[in-house]
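Data block below; observations after.
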Amino acid sequence: MPLLPRDVFALLGSDDSAGWLFGADYGAMCVGGLVRFDLPVNPADPSSATIEATGRIALLDPPRRIVIEQQTPWPGTVSCTMLPAKDGSGTTVRLGVEVPGDAVTWLLRQRGYDPIEERVEPGTVRIGVLVSKSGPASIFGATTERLALMAADEVNADGRARVQVVVRDDASVPEVGAEQLRRLVSVDGCRVVVTNCTSAVFPVIARLARRLGVLLVHTPINEGGRYSPNVVRLGERPSAQLSTALPALMKSTGTNVFLAGNDYVWPRVMNATARGLVERFGGAVAGECYRPMGTRDFSDVIEDIITSRADVVVSTFVGSDSALFERQSHCAGLRDRCRTLSMAYDESTRELTGGDASRGVWATFGYFQEVDSKRNKDFLRRYRERFGATAAPLSSITESVYSAIHMLAASGALTKDFAVSDLSSALRARWNASKKRSLYLAEAVTGGFRIASH
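When we follow the UniProt record's numbering, the leftmost residue of the sequence shown carries the number 1, and every step to the right adds one.
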């Protein structure tokens, strides 16, 4: 049966069979809304490999046209136009994909080739920034890159150091992360690399950083680990996050706790810590399960949670997995049965989840963009003045890279000929001094988070 343009437009986000863009995932169909989609390497070949990409809706003209400003893994434009077929037999769909120079550079780098790099000014220290610009963790990528560039410009403007950031994509894959770290060092000349990669990627690149003799600064929430002079881990730790949130949620909701997350080191360490704290607080673990990153159907997990009669769910799903889990939990009525404490649930994840489905999810971090302070308001003003009023929301996961670059510059040890041990020690000292701040406990609401305690 021929479909009219309005029928085709309604397929957006709901039917993969209609074409690659129609399987796009979004929280809200509105201008500025975050969209995740699988970008084909060769749009002319339906069977070609795809790359997980993210963008924001720039133009929405239903049922005729949608334009997406692609943000990761490279900036560009994707347009979809639906026109009635001239013979009245249905709808003609025209897809336009911009392939800018940045796309070519990204593709070359991911395949091990190195485009001609820009000249480095004398006295400049190159800082590598390794982020997920593709893969399940890519919803953090564009904002992380923007904040890294903004931090470098601010450092250069106030004269504390002369730095240049070089950004590469780990694709949320350990082997890719290792190769890109190697090239940051051997090709780009970086002796310090800042990353907010997942803990699935981190162990591999940490071992490589030690062998290469460079400083690796890991900034997001993490499970901690043994000391190394070549590795500094910033960010919130499991015991701090869980101690901030679990007592309050268990007291107000109930003491049966279900643990669910992606299957790699951080979720498992987080849940092992949660198990001990739940028992200490007089509760019981009702169940525990894990799913690989990239999972799209969580119905069996949700059924197990419902069967367990859990009062609280501790979720350690990450990125697009977390958004899908919360969306499906909402549809199954799980939010009416129990509370969810999502340990990596930041502003971008909430946005991809969607307003209705995200409401009532709890999170705890050292930073939310809703923090009511003059310093944070000034920070947000500078960010939006540079990247626009509708720029992606900020979160602890993305802000952590910005803070790390400023901390490196403020350490006084980031000079052209710095010693890794000196820079590592100076950075640790600054981080230890800042760790005294407590974490925020917040609830997802329409348009953001409501901070409940600090």
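We put the CB at the ideal spot given by N, CA and C, even for glycine.
Computed from a predicted structure; not experimentally measured.
For residue i, the residue or residues it bridges with in DSSP
i, result
"residue 135", "Per DSSP, none; premise fails for residue 135."
"residue 527", "Here the chain has residues from 1 to 454 only, and residue 527 is not among them."
"residue 40", "50"
"residue 205", "In DSSP, residue 205 forms no bridge with anything."
"residue 33", "None; residue 33 has no bridge partner."
"residue 70", "55, 76"
"residue 363", "442"
"residue 453", "441"
"residue 339", "312"
"residue 256", "284"
Inter-residue Cα distance where the pair is residue i and residue j
i, j, result
"residue 438", "residue 366", "7 Å"
"residue 306", "residue 314", "14 Å"
"residue 112", "residue 292", "27 Å"
"residue 350", "residue 39", "22 Å"
"residue 168", "residue 404", "17 Å"
"residue 28", "residue 211", "45 Å"
"residue 261", "residue 341", "12 Å"
"residue 419", "residue 238", "31 Å"
"residue 157", "residue 417", "21 Å"
"residue 198", "residue 345", "14 Å"
"residue 297", "residue 375", "41 Å"
"residue 75", "residue 180", "19 Å"
"residue 337", "residue 49", "40 Å"
With 16 other Cβ atoms within 10 Å as the buried cut-off, status of residue i
i, result
"residue 31", "exposed"
"residue 170", "buried"
"residue 354", "buried"
"residue 235", "buried"
"residue 339", "buried"
"residue 323", "buried"
"residue 108", "exposed"
"residue 446", "exposed"
C-beta atoms of residue i and residue j nearer than 7 Å
i, j, result
"residue 370", "residue 451", "yes"
"residue 379", "residue 440", "no"
"residue 141", "residue 72", "yes"
"residue 396", "residue 219", "no"
"residue 421", "residue 229", "yes"
"residue 54", "residue 172", "no"
"residue 52", "residue 135", "yes"
"residue 80", "residue 95", "yes"
"residue 409", "residue 161", "yes"
Nonlocal neighbours in the same chain, by C-beta distance under 8 Å from residue i, ignoring five residues either side
i, result
"residue 308", "256, 258, 286, 287"
"residue 190", "126, 127, 128, 166, 184, 214"
"residue 5", "63, 64, 82, 83, 84, 91"
"residue 290", "260, 261, 262, 263, 267, 268"
"residue 426", "411, 412, 413"
"residue 243", "277"
"residue 35", "24, 25, 26, 54, 55, 56, 57, 68"
"residue 334", "302, 305, 306, 313, 340"
"residue 174", "200, 201, 203, 204, 205"
"residue 240", "439"
Residue i Cβ short of 6 Å to the ligand ATP heavy atom set
i, result
"residue 23", "As for the ligand ATP, it is missing from this structure, which has no ligand bound."
Nonlocal neighbours in the same chain, by C-beta distance under 7 Å from residue i, ignoring five residues either side
i, result
"residue 357", "326, 327, 330"
"residue 2", "89, 90"
"residue 149", "165"
"residue 223", "199, 238, 265, 266, 269, 270"
Residues near residue i by beta carbon distance below 6 Å, same chain, minus five either side
i, result
"residue 133", "72, 73, 141, 169"
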